[in-house]
Every structure is written in structure tokens, then in C-alpha cells.
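Chains as they are written, first to last, in my numbering: chain D, 482 to 923; chain Z, 115 to 191.
The beta-carbon is built from N, C-alpha and C at its ideal position, and this holds for glycine as well.
All values reported here derive from a predicted model rather than from experimental measurement.
Below is one structure; the comments refer to it alone.
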Amino acid sequence: MLSAFRSALATPDLRRKILFTLGILVLFRLGQTLPSPGVSYRNVQECIRLIEGSANQSVYSLINLLSGGALLQLSVFALGIMPYITASIIVQLLTVVIPRFEQLKKEGQSGQNKLTQYTRYLTVALAVLQSTGVVALAVRGQLLRNCDTTTYPIVPDSSVFNLVVIVITMTAGTAIIMWFGELITERGIGNGMSLLMFTSIAARLVPEGGNILRTQGGLVFAVVCVFGLAIITSVIFMEQGQRRVPVQYAKRMIGRRMYGGTSTYLPLKVNQSGVIPVIFASSLLYLPQLISQLAASPTGEPSTWKRLVDTYLVDQSSWVHISLYFLLIIFFAYFYVAITFNPDERADEMKKFGGFIPGIRPGRPTSEYLGFVLNRLTLPGSLYLGIIAILPNFFLDMTGQGQNQNFPFGGTAVLIMVGVGLDTVKQIESQLMQRNYEGFLR
Amino acid sequence: MKLFLQICLIASSVLLVLLVLLHRGRGGGLSSLFGGGMQSSLSGSTVVEKNLDRLTLFVAAIWVISAVGVGLLLKVS
């Protein structure tokens, strides 16, 4: 294991790539702590300290976790990669709805490039929207809840010009993050966007762990660590699991040479959709909450609707919230697999290159078979996703804390971290293999 | 001074967004986000991309300096 690391660093090409990636990640973290111009750093820190002292958690716990705590600090990279993720989700969904997008998706590389370009435009538009929202909430004192805006003004000089400067800066920050991600993908190692996400979550790990150690003592902390390790192991086990559908290719002559005649397999992962269903479901569940908060009148009684939302959807230990979250995850798991994996297309491709699954005729029967296998395979995959995602709600329920998804050793955070980590290690390994070294994973 | 820095910030921000959008997108969308596809774009960077990189870095430096500058002015006042 360690010698593999040494040989990875001994290869000049690979070393340059790894160092480049690390350098960008350092720049990214630095930007996350740099406060936006016009935001009072001291007051923001004071407010965050107040919030962490109390049990009250903000609405944006998951989003804050994904942005590495930068959102609540209102730093220049406050939005993190959320706009990019939202934009790609939207574009991905639109490929089903808009015929032109679907056509572009089928066009191959050039169409894909066009879709990526649309995603980037949409990211900037979303960044403007979201930063405006965040700044507006911060000025009205709703971003950091139990913090008085008169004693600790987050934005001391809240003239319109000043606010516009903050919004534009945050938008540019989002653009820079996007560029960073692309640079890592292009010249570094691994997928840039997911590595950036990994970094922000990993950055929250230590403070959150310290929080548990401080408030609940060493024993609970040890138990949590053991639980975390167990969860990580099970996630790795499930992520690596795949069904290998055997595919036989027919021999054929092209010119004077013989091609094909090999038997390979079509790998179908148990969890084909990754963590995307979890992200979809949680962002959908946050919506009513956000609306009720924005629509709340500053004084007066909360409406019936708001009370319903508060008791059933906001409260993360209520059974309605948990079961709704679970069902949504299962639904989105199937939905996303249906979008990304098209059995008809696969069967067509196989037929074109002279491949077939032994015992099944090419064409329609093959696609039916693939669909059948995939549907059966997705059931345990989606159940596993749902269970891992709602796990923290359960065992924080047992300890009686009003905590939530913010908890970094279970749920969404672990799913994302393990997924990204595995992918990156695999990429480094394939680079090592090219140079005839033995890799990390055996 | 502060107004000058803020105007600098706005200008560099807008420029930065435009420059980043001019780059060729390499993100690949969501499918490759979480351990999905294994696409390898082997095409090297062109001269245009290289110059664009340099220009973006330059504007980003201005952006960072003016952002830090405005923050420092706020702290002093």
C-alpha cells in the first residue's frame, strides 16, 4: 500500500498531476475562508459561534455541509458547487422533456459538449439567483437565525450598491470554482467537481467530530467512530458490487485480420445511480421549508400550512419526514437509472458490433432481458441508498438529540465521500498500471 | 479608494465570468460526477486555451486583490 504511494509519487508525470490537484484544492479552501467584500468577518464568526452553541440548526444544513461551511460565513466561494450541480440536474432532466436536448444527447461528443456549455451558462444564471437569495436572507437576519442583526450586523453598510458588489463577487466566485473543477478534470487526477465536493465535506468532518467530542464525551465519540467505519465499509461493499452480464462477440474478418471472438461482460452496478437520488430527494424536501420561511410574516401567528410543514417536514426525527425521504430516494433511484441507462440503445449497440448475450436473441429480447435484470438489481441498490441516507436520523433519534443530516459520519456525506474516493483511487491506479506498477487495490 | 476598489471588483468579476464561459467545458455533466463514465479526452490544450488560461489567471489575481482590499478597508474603518 505505502510502496504504491511511493511509486505513484516517483513517477514524474503522475506526481505533477497529483501536486496540481492538491494545489487547486488548497486554493479552493483558501477561497472558502475569504469573506466577501462588505461582509463583517468578526460579526459573522460571532453569529456562527452563537448558533453552534445552541441546538438550533439552520435550514441550510445540507447545503452548508456541501459548501464546506462557506455558506454561513458568506465567503467569496459561499455557493460552492451547488449551482453547478443544480444546473446539471436541470439539464439532465430537460433531456427527457425537450426534444432538441434529447437529440443533442444522442449526437455523441459534439452534442455532449454543447450540453455542457448550456450547463455552464445555466450555472452562472443560477449563481446570480442563489447569491441574491443568500445575501437578501443574510441582510434580513434569516440566514443565521438566533443572531440579532442590530447588535451583530452581518453587512454593516447595506446600501444597494454594496449588496450588488457582494452578489457579483459571489457569482464570479462560482465561475472560478467551475473553472477549478474543469482544470482538475483536464490536467489533474480524478473528476474535478466531485473532488471539490469531497474537499468541502472532508473539511467539515474535523470540526463536527470535535463538536461531538466536546458536547457528548469520549464514549459517544468512540461509538460514533466505530459506527462510521462500519458504514464506510458497507458503502464500499455495495458500491463495488456489480452484476456481470456475459456478452459474446462474433468473429469477423476485416481485411486480412481477424477481429472479435472475445467474450466479455457488461458490468451493471448494484447502485447504478450513485448518490444522485439522495441529492435530488434532499433538495426536494428542503423546498417547502424554504418557501415557508421566505413567505413568513415577520410578526403574527404562523399559518396552519407553516405549522404542518414545521411539524412533519422540517423535524428530521418525525416519521413522515423519514419515510418521505426514503420513498423519494427509491423513486429517484429508479428514475435516474431509467434516464441514464437505456436498454434499447445498449441492445442496439451490441447487435451492431456483433455481440450477444448467450442464450438470448439479439435485438428486442436482449433489451427486455437487460431491462429486467436492471430493474431487479436496482431494488436492493435503492433500498441500500435509502437506508444509509436515513441512518443518522435513526440513531440520533436514539440519543435524543435534535440533530440531523449534518452529521458527517453517516448518510449523504459518507456516500459522496466514499464514492469520490473510490473513483479517484481507481483513476490513479489505472495511471500506475499504464506504467507497470502494481496498484493500491488488490 | 474603496469606491475604486469596488468598481475594480465589479469589472474583474464580470470579465472573469465571461472568460470562464469562453473556456471549453470539460465537466462532462453529472453522469461522470459520481464515479460514472470513464471518458478520456485526450485532446491537448490549444494555443487559444493556453492564452485564455493566462488571461483568466491575471484577471483572477486582480479580483482577489480587490476583494481582499475592500475587506481590509472595512476592517480598518
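Helix, strand or coil at residue i according to DSSP, with G and I counted as helix
| i | result |
| --- | --- |
| Q753/D | coil |
| P518/D | coil |
| M115/Z | coil |
| S799/D | coil |
| R138/Z | coil |
| R530/D | helix |
| R842/D | coil |
| G655/D | The sequence given here has Thr at residue 655/D, not Gly. DSSP places T655/D in helix when its eight states are reduced to three. |
| P856/D | For clarity, residue 856/D is Asn in the given sequence; the question names Pro instead. Note: N856/D maps to helix in three-state DSSP. |
| N524/D | helix |
| G669/D | coil |
| T492/D | coil |
| G561/D | coil |
| F822/D | coil |
| R497/D | helix |
| L132/Z | helix |
Residue i versus the options, residue with shortest Cα-Cα distance
| i | options | result |
| --- | --- | --- |
| A731/D | N823/D, F807/D, K832/D | K832/D |
| L506/D | M674/D, T714/D, L872/D, R788/D | M674/D |
| Q554/D | M563/D, R497/D, V615/D, I579/D | V615/D |
| G836/D | P564/D, S639/D, R733/D | R733/D |
| I868/D | L765/D, R685/D, L808/D | L808/D |
| G755/D | A617/D, T745/D, Q723/D | Q723/D |
| L169/Z | F118/Z, Q120/Z, L133/Z | L133/Z |
| Y602/D | L166/Z, H137/Z, L119/Z | H137/Z |
| T567/D | A606/D, F558/D, K595/D, L531/D | A606/D |
| V705/D | E689/D, I810/D, L511/D, T893/D | E689/D |
| R668/D | D167/Z, I121/Z, L130/Z | D167/Z |
| P518/D | V557/D, L508/D, L710/D | V557/D |
| K750/D | Q729/D, R621/D, F761/D, Q721/D | Q721/D |
| V716/D | A489/D, G698/D, V899/D | V899/D |
| L531/D | L610/D, V520/D, Y633/D, I665/D | Y633/D |
| V182/Z | S521/D, I570/D, V572/D | S521/D |
| A814/D | E527/D, P758/D, I570/D | P758/D |
| L860/D | F812/D, F718/D, R510/D, G698/D | F812/D |
| V906/D | N672/D, V645/D, K587/D | N672/D |
| Y746/D | W660/D, M739/D, L789/D, I838/D | I838/D |
| S804/D | I657/D, A870/D, A683/D | A870/D |
| H802/D | E830/D, P769/D, R827/D, P824/D | P769/D |
| G592/D | S799/D, V572/D, L610/D | V572/D |
| E663/D | F501/D, A828/D, R827/D | F501/D |
| L676/D | M719/D, P843/D, I665/D | I665/D |
Unbroken alpha helix (DSSP H) run spanning residue i, endpoints
| i | result |
| --- | --- |
| I735/D | Premise fails: I735/D lies in the beta strand (DSSP E), 732-735, not in any alpha helix (DSSP H). |
| T680/D | 673-721 |
| R168/Z | 161-190 |
| V895/D | 893-915 |
Identified DSSP bridge partners for residue i
| i | result |
| --- | --- |
| Y746/D | P727/D |
| F837/D | Q729/D |
| S548/D | None; S548/D has no bridge partner. |
| M739/D | M734/D |
| S556/D | P516/D |
Residue i beta carbon near the ligand ATP (any heavy atom closer than 7 Å)
| i | result |
| --- | --- |
| V728/D | Judged by which ligands are present, the structure shown has none, so any question about the ligand ATP falls away. |
C-beta neighbour in chain A for residue i, strict 8 Å
| i | result |
| --- | --- |
| I579/D | You won't find chain A in this structure, because its protein chains are D and Z. |
Where in the stretch 572-653 of chain D do unbroken runs of the alpha helix (DSSP H), each at least 4 residues long, occur, reported from the N-terminal end onward? For the stretch 572-653 of chain D, whole alpha helix (DSSP H) runs of length 4 or above, ordered along the chain, are 580-587, 590-620.
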